[in-house]
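**Student:** In the working numbering, the protein residues as written are 5 to 175. Got a structure for you, questions after.
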């Protein structure tokens, strides 16, 4: 019995030291892993934040550029017919959309749906206005009707407001 007590006298402190060391090392490594994950998340945010902000800026600019007033200022040529203006406006909107297509990666799915709705509505309204024009209509006639129609409808404004609110929440 004395030998067992003699062995326990050395074994128990060794087990206590081992358990303490194990616990401390385990806690240290868990904290180190948390710190690394936090640093990695911070690094990802540092890289992606400017890209996301740029995406919001570019999409707001896209929505501004497809508004009738801005489109007419950039695309209008007095020597064109109404059909040529219509064709060029639609082509300009499609080009702008294609140029900003990759920005969907940085915004929410709902925001991108609203962008698509605004895009489709702008093209649909211009085509509808073009279809209502008489055969010999001039570029000036088309432009006047376009500006009078005030095609900045709900989809474009709704998309802009949603993008702004999403950007405010994100940043």
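Virtual Cβ for every residue (Gly too), placed ideally from N, Cα, C.
1. Please state whether DSSP places residue 71 in a helix, a strand or coil.
2. Touching or not, the segment 127-141 and the segment 83-101, by the rule of three or more beta carbon pairs under 8 Å?
3. Quick check: the segment 39-54 against the segment 90-97, are there 3 or more CB pairs under 8 Å?
4. Within the chosen definition, does the segment 64-74 reach the segment 100-112 through at least 3 CB pairs nearer than 8 Å?
5. Within 10 Å of its beta-carbon, does residue 160 have 16 or more other beta-carbons around it, so buried, or fewer, so exposed?
6. Does the Cβ-Cβ distance between residue 72 and residue 151 come in under 8 Å?
7. Is the beta carbon of residue 65 within less than 7 Å of some heavy atom of the ligand GTP?
8. Is residue 163 closer than 8 Å to residue 119 when the C-beta atoms are compared?
9. What span of residues does the alpha helix (DSSP H) with residue 124 cover, start to end?
10. Under 6 Å Cβ to Cβ from residue 60, same chain only, skipping five residues before and after it: list those, please.
**Tutor:** In brief:
1. Here residue 71 sits in coil by DSSP.
2. Two segments are said to touch when three or more pairs of C-beta atoms, one from each, lie closer than 8 Å; by this definition the segment 127-141 touches the segment 83-101.
3. With a cut-off of 8 Å, the segment 90-97 and the segment 39-54 do not count as touching, because too few Cβ pairs lie within range.
4. Pairwise C-beta distances place the segment 64-74 in contact with the segment 100-112, as three or more of them are shorter than 8 Å.
5. It counts as buried.
6. Contact check for residue 72 against residue 151 passes: the beta carbons are separated by less than 8 Å.
7. By its list of ligands, the structure shown contains no ligand whatsoever, and the ligand GTP lies outside what it can speak to.
8. Closer than 8 Å, so yes.
9. Counting along the chain, the unbroken alpha helix (DSSP H) around residue 124 starts and ends at 113-136.
10. Once the five neighbours on either side are set aside, the close Cβ partners of residue 60 are 167, 171.
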